[in-house]
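> Quick one: the structure is below, and I'll ask about it shortly.
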Amino acid sequence: MGTADILIKFALIVIIFLISLLIAMYSTYAERKVAAFFQDRVGPNRAGPFGILQPLADGAKMFLKEEIIPTHANGFLFIVGPSLAIMTACIGSAVIPWGQKLTIGTHVIDLQVTDINVGVLYIFGVVSLGVYGVMIGGWASNNKYSLLGAIRAASQNISYEIAMGLSIISLLMTTGTLSLREIAEQQHGWHWNIIYQPLGFLIFIVCAFAETNRTPFDLPECETELVGGYHTEYSSMKLGFYLFAEYINMFVSSAVMATLYFGGYNFPFMHSLGLSENWVTILGVIVLFAKIFFFIFFFMWVRWTIPRFRYDQLMDLGWKTLIPLAIANIVLTGLWMTFIK
Amino acid sequence: MESLSNKRKVIESKPLNFWERAYLPAILHGLAITMKHFLFKKDVTVRYPEQKREFSENFRGMHSLKRDEEGRERCTACGLCALSCPAEAITMISAERQPGEENLYREEKYAAVYEINMLRCIFCGLCEEACPKEAIYLDGDIIPADYLRKDFIYGKDKLVEAPLNQ
C-alpha cells in the first residue's frame, strides 16, 4: 500500500464522516419539514429560503446555550455518555460498501473504508455499544427520570438485539458470508435479498426502529412519563450530541438495511446500459443514497403515524412475537435451502 | 337510570382477530392515511407578516383620532372616552386653543396630551360609542409587538390621523 493509497483512504474516511454529519444535520431539518407536511403545516421557513439554514441556526443555538453539569452528577461519566453515543454512531459507517471500485489512472479506489470479513458482526458490536452512551449518561445524571430512561433504553436494546441477530442469521444462511461487500455483490441486478427474506426484513426493520430509539419505540425519551428520559439533565452541545447521534444512527441503519436487503449500490440493468465501469459505480452510489434517503423518510413517516408503545407491549412484541418469528424464519430458510434450492 | 336523550351507543368489545393482533394491516392503513396528507392536503397556514387575513367589517383594532374635512383635530378633550373606558386605559390633558390655531383644532378646547395604554385596552369600542365629536375610531390594524411596557403607551404621535394633503 503506497502513500497515495493511504491518502485516498484517509480522504474517503473524512468524506464519509462529513457526509454522515451533513445528513444527520439535514435530517433534523427534514424531520421537521416532513412532520409539518404530514400534519398539513408549513414547517420551518424563516432561516433562509424554505428554512434551509435552520440546522445551522439550531447548531449555533446549541453551542451558545449554557453548559450545565448538575452538582450531584458524576462529572466524568456525564461527559463520557454523549461522547460515547456520538462516537459509536459515527464508526458504524466504516464497513458499509458505498459503491464498486473506481479506477482513476492506475489507482483503484475501493469505495468502502474497510472490508472486514465480519462486517455484519462489527455493525452489531457497534450498535450494542451505542446503548452504553445512553446508559452511562442516564446513570451519571443522578436523576430518577434519567435513570429510568436509561434502564428502559438498555432493556429495550438488549431485547431487540436478539430478534435482530436471529433475523440476520437466516440472511447469513442464504448469503454464506459476513462481509458486507460480498453480500452487496451477491445482490447483483435484481437479486435483492428482500425477495428471499421478506419476513427477515420485516423483523429487521422493526428491530432497527427499536435500536435507534425511534417512535413507536422511543420509550427511553418518553416525555409524558419521564420528562426527557435519559437526557433530562443535559443541555447545550452535550444534548446536541445525543440528538445528533440518533440521526446518525438512523442514517447508518438505513444504509445497513439498504445494503443487506435492498441490493446496496446495485440497480437493475446496471451492466446493460453500455456505460463505462466508473459511471456505473457513480450511478450505484447515487442509487444507494436514494435508497438510504427513502429509509430515512420511512423512519420519519412511521414516526408521525404510529403512537408510542406501552412498555409492557414493547416487551411483549419483542420477546413473544419477534423472537419466535425470527426463529421460525430460520427454520423456514433452512427447509427452503435443503429441499427447494 | 332514565337517559336524557335517546342517543345510545352500544359498545361491544370483541377479542381481536388475527389480523388485528398482527398490527401490520392497521399500521399500513395508518401509513396510507398520513401519506395522503403528505401528498394531497394543502396547509392552511397564513404566513403572517407577509400574508394577512382580511379583517371583518366591524373589526376593532388600533385607535385613530380623526380630523374633520378641513384637517382639524376633532377631539375636544371632553374626557367621555376616558370615563367610559372600562379598562381605564385612556388619559388626557386638555389645553385651550390659542388665537391662530383655528386651523389645527376644531373646538376651543383640545387634547394637548392623549395617551392610550394598549396593554390595558380591551378593544371594547366603548370610547368610540361615547365620543360626541366622532373623534375616535378603532379602525386600525393589530397592535404590533414590542419589547418594553412603556412603548405600549401610545401618544398623539401614533394615534392622530395623518394630516390632509395641502
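As given, the protein sequences belong to chains P and V, one line each in that order. If you read the first sequence in my numbering, its first letter stands for residue 50, the second for the next number, and so on. If you read the second sequence in my numbering, its first letter stands for residue 28, the second for the next number, and so on. Backbone N, C-alpha and C define an ideal beta-carbon position, used for all residues, glycine too.
At 9 Å on the CB atoms, spell out the chain V contacts of residue 52(P), in chain order.
Near residue 52(P) there are no residues of chain V at all, since even the closest Cβ is about 50 Å away, more than 9 Å.
> Suppose you measure from the CA of residue 373(P) to the CA of residue 198(P); what does that come to, to the nearest Å?
Whole-angstrom Cα-Cα distance: 27 Å.
> Check the Cβ of residue 251(V) against every Cβ in chain P and list those closer than 9 Å, keeping chain order.
Coverage of chain V is limited to positions 28 through 193, which leaves residue 251(V) absent and any answer about it impossible.
> What residues are listed by DSSP as bridge partners for residue 41(V)?
Answer is none; residue 41(V) lacks a bridge partner.
> Rounded to the nearest angstrom, what separates residue 9(V) and residue 158(P) at their Cα positions?
Since the first residue shown for chain V is 28 and the last is 193, residue 9(V) is missing from the structure and cannot be characterised.
> Establish whether the CB of residue 74(V) and some CB of chain P are separated by less than 9 Å.
Yes, its Cβ sits closer than 9 Å to a Cβ of chain P.
> Less than 9 Å separating the beta-carbons of residue 55(P) and residue 293(P)?
It is not a contact, given that the beta carbons lie outside the stated cut-off.
> Once the 5 residues before and after residue 91(P) are set aside, which same chain residues still bring their CB inside 8 Å of it?
Counting only Cβ-Cβ distances below 8 Å, and skipping sequence neighbours, we find 85.
> With which residues is residue 156(P) paired in a DSSP beta bridge?
Answer is 153(P).
> Mind checking residue 130(V): buried by the 16 CB within 10 Å criterion, or exposed?
Under this definition residue 130(V) is an exposed residue.
> What did DSSP end up calling residue 142(V) once you bin it into helix, strand or coil?
Three-state DSSP puts residue 142(V) in a strand.
> Report, in whole angstroms, the separation of the C-beta atoms of residue 216(P) and residue 253(P), which I expect to be a contact under 8 Å.
Contact flag correct, Cβ pair sits at about 5 Å.
> When the Cα atoms are used, what is the spatial distance from residue 32(V) to residue 41(V)?
Spanning the two alpha carbons is a distance of roughly 27 Å.
> Check this for me: beta carbons of residue 111(V) and residue 138(V), under 9 Å apart or not?
Going by C-beta atoms, residue 111(V) is not nearer than 9 Å to residue 138(V).
> So, is the C-beta of residue 94(P) closer than 9 Å to a C-beta in chain V?
Chain V contact via Cβ: present.
> Using DSSP's beta-bridge definition, name the partner residues of residue 163(V).
According to DSSP, residue 163(V) bridges with 92(V).
> With DSSP collapsed to three states, give me the class of residue 75(V).
Three-state result, residue 75(V): coil.
> When you compare the CB positions of residue 279(P) and residue 212(P), do they come within less than 9 Å of one another, or not?
Not a contact, by the Cβ cut-off of 9 Å.
> Mind checking which residues open and close the beta strand (DSSP E) that includes residue 122(V)?
Per DSSP, residue 122(V) belongs to the beta strand (DSSP E) from 117–123.
> Would residue 43(V) pass as an interface residue toward chain P - the criterion being a Cβ-Cβ separation below 9 Å?
Taking Cβ atoms only, chain P never reaches closer than 9 Å to residue 43(V), which makes this a no.
> Sorted by chain position, which residues of the same chain lie with C-beta nearer than 7 Å to residue 87(P)'s C-beta, five sequence neighbours on each side aside?
Cβ neighbours of residue 87(P) beyond the five flanking positions: 353.
> From residue 184(P) to residue 283(P), what distance separates their C-alpha atoms?
So the alpha carbons of these two residues sit roughly 13 Å apart.
> Can you tell me which of the three DSSP states residue 114(P) falls into?
Residue 114(P) falls in the coil class under three-state DSSP.
> With a threshold of 16 other CB atoms inside 10 Å of the CB of residue 46(V), please say whether the residue is buried or exposed.
It is exposed - the Cβ of residue 46(V) has fewer than 16 other Cβ atoms within 10 Å.
> With distances taken Cα to Cα, identify the nearest neighbour of residue 380(P) among 249(P), 361(P) and 97(P).
The candidate whose alpha carbon is nearest that of residue 380(P) is 249(P).
> Smallest Cα separation from residue 336(P): which of 350(P), 366(P), 192(P) and 146(P)?
Closest by alpha carbon: 146(P).
> Can at least three beta-carbon pairs, one atom from the segment 339–351 of chain P and one from the segment 317–330 of chain P, be found at a separation below 8 Å?
Result no; under three Cβ-Cβ pairs closer than 8 Å.
> Would you list the one or two residues that DSSP bridges to residue 180(V)?
According to DSSP, residue 180(V) bridges with 144(V).
> Which residues, in order along the segment 357–372 of chain P, keep a beta-carbon less than 7 Å from a beta-carbon of chain V?
Per Cβ criterion, the list is empty.
> Assign residue 78(V) to buried or exposed, taking buried as 16 or more other Cβ atoms, counted over all protein chains shown, within 10 Å of its Cβ.
Answer is exposed; the Cβ neighbour count stays below 16.
> Taking residue 345(P) as the query, report the chain V residues whose CB atoms sit under 7 Å from its CB, ordered along the chain.
Ordered by position in chain V, no residue passes the 7 Å Cβ test against residue 345(P), which lies about 15 Å from the chain.
> Candidates 189(P), 153(P), 191(P) and 206(P): which alpha carbon is nearest residue 177(P)'s?
Nearest of 189(P), 153(P), 191(P) and 206(P) to residue 177(P), Cα basis: 206(P).
> Helix, strand or coil for residue 129(P)? Go by DSSP, reduced to three states.
If DSSP states are grouped into helix, strand and coil, residue 129(P) belongs with the helices.
> Just checking my contact of residue 101(V) with residue 161(V) at CB under 8 Å: how many whole Å lie between their CB atoms?
That belief holds up - the Cβ atoms of residue 101(V) and residue 161(V) are roughly 6 Å apart, short of 8 Å.
> Under 8 Å Cβ to Cβ from residue 94(V), same chain only, skipping five residues before and after it: list those, please.
Contacts found: 100, 101, 187, 188, 190 and 191.
> Would a check of beta-carbon distances place residue 179(V) closer than 9 Å to chain P?
No, its Cβ sits nowhere closer than 9 Å to a Cβ of chain P.
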